[in-house]
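Report on the structure given below.
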Amino acid sequence: MTERLWETHANWWQKGFTDGADPEYEEQILPLAVDLLTGFDRILDIGCGEGQITRLLAEQKSQALGIDITWAQISAASTRSNGEEYVRSSAGALPFPNQVFDAAIACLVFEHIVEMEDAIREVARVLRPRGRFVLMLNHPLLQTPGSGWVDDHMVDPPSHYWRIGDYLIEQETIEEVELGVHIPFIHRPLNAYVNALSDSGLTLERMLEPPPPLGFIERHESYAAAAFIPRLLVLICRSGEKL
Numbered sequence: 001m002t003e004r005l006w007e008t009h010a011n012w013w014q015k016g017f018t019d020g021a022d023p024e025y026e027e028q029i030l031p032l033a034v035d036l037l038t039g040f041d042r043i044l045d046i047g048c049g050e051g052q053i054t055r056l057l058a059e060q061k062s063q064a065l066g067i068d069i070t071w072a073q074i075s076a077a078s079t080r081s082n083g084e085e086y087v088r089s090s091a092g093a094l095p096f097p098n099q100v101f102d103a104a105i106a107c108l109v110f111e112h113i114v115e116m117e118d119a120i121r122e123v124a125r126v127l128r129p130r131g132r133f134v135l136m137l138n139h140p141l142l143q144t145p146g147s148g149w150v151d152d153h154m155v156d157p158p159s160h161y162w163r164i165g166d167y168l169i170e171q172e173t174i175e176e177v178e179l180g181v182h183i184p185f186i187h188r189p190l191n192a193y194v195n196a197l198s199d200s201g202l203t204l205e206r207m208l209e210p211p212p213p214l215g216f217i218e219r220h221e222s223y224a225a226a227a228f229i230p231r232l233l234v235l236i237c238r239s240g241e242k243l
């Protein structure tokens with residue numbers, strides 16, 4: 001079902017999140033990708049969609065390659081390619097030999113992958129020693145299903161705060177993110193990702209929780225209250241020495 005839904009809504013994603021349409025990508029995600037991966041030679045973009053991160057990394061003189069399970073996304077990426085390569089593949093069974101990439105990135109992808117542990121093991125397998133893995137996630141704590149703003153008028157003065165849902169419960173949901181657009185999400189607590197990384201021999205070096213970018217805050221007057229609640233979590237990992 002997950003693959004079918006992404007095929008169905010590939011055009012929605014391309015229109016809403018590429019070519020400058022989304023301020024979180026334009027002002028935060030894309031600059032972070034460049035900052036964290038410039039200087040690495042051969043880079044794998046996992047869940048590349050229509051290729052905007054892959055193309056951007058290729059512009060930085062990296063040899064970038066994108067994979068995605070969705071035919072519609074790979075087709076669009078290949079059409080727009082400036083020489084970078086694209087391959088249809090699942091993240092849990094990468095069609096590459098061991099230790100062939102200097103770095104890898106997965107941007108807002110792993111919260112849609114059922115076999116998350118398999119996918120992380122595959123990242124570790126294809127990375128060269130001391131390679132970098134940048135894992136970008138919807139913040140697992142603050143974007144938990146059931147989270148949201150609460151206007152509490154039972155207290156004086158009234159309180160306005162962010163409610164956190166059932167954080168420790170791992171759950172798969174189909175969310176209607178826009179009228180008629182249903183997208184699968186898998187919520188996992190942060191420890192599930194960190195432990196899977198560690199079990200695969202990937203060392204967490206840094207963690208980033210940037211505030212939402214100004215372009216997002218300015219989209220609606222009610223978003224001003226969210227200026228200090230991160231929507232994005234970035235885990236920067238290093239692969240170990242290999243025999």
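My numbering applies: residue 1 is where the sequence shown begins, and numbers increase by one.
No residue lacks a Cβ here, since even glycine has one placed at the ideal position from N, Cα and C.
Check	Outcome
Candidates Leu214, His220 and Ile174: which alpha carbon is nearest Pro230's?	Leu214
Ignore the nearest five residues each way along the sequence and tell me which others in Gln99's own chain have a CB closer than 6 Å to its CB.	Arg128
Counting along the chain, where does the alpha helix (DSSP H) carrying Ile164 start and finish?	Neither: Ile164 is in no alpha helix (DSSP H) and is coded neither H nor E.
From the DSSP output, in three-state form, read off His112 for me.	helix
Classify Arg206 as helix, strand or coil using the three-state DSSP reduction.	strand
In the structure shown, what three-state DSSP assignment does Thr252 receive?	This structure does not reach residue 252, given that the chain is present from 1 up to 243, and the question cannot be answered.
I need the DSSP call for Gly148, collapsed to helix, strand or coil.	strand
Please state the DSSP three-state secondary structure of Ser81.	coil
Exposed or buried, Tyr25, counting other C-beta atoms within 10 Å across all chains shown (16 or more means buried)?	buried
Determine the direct distance from the alpha carbon of Arg42 to that of Leu36, and round the result to whole angstroms.	14 Å
Are there three or more Cβ pairs, one per stretch, closer than 8 Å when the segment 172-180 is compared with the segment 53-70?	no
My understanding is that His139 touches Leu5, with C-beta atoms under 8 Å, so please give their C-beta distance in whole angstroms.	The Cβ separation is near 23 Å, so there is no contact.
Could you check what DSSP says for Leu4 in three-state terms: helix, strand or coil?	Note that residue 4 is Arg in the sequence shown, not Leu. Helix, per DSSP.
Output yes or no for whether 7 Å exceeds the beta carbon distance between Ala64 and Glu84.	yes
Give the DSSP-derived three-state secondary structure of Ala227 in the structure shown.	coil
Verify whether the separation of the beta carbon atoms of Gln28 and Glu50 is less than 7 Å.	no
In this structure, how does DSSP classify Glu59 when only helix, strand and coil are distinguished?	helix
Following the continuous beta strand (DSSP E) through Ser245, name the residue where it begins and the one where it ends.	Because the chain spans 1 through 243 in this model, residue 245 falls outside it and cannot be assessed.
What's the gap between the Cα of Val134 and the Cα of Met154?	43 Å
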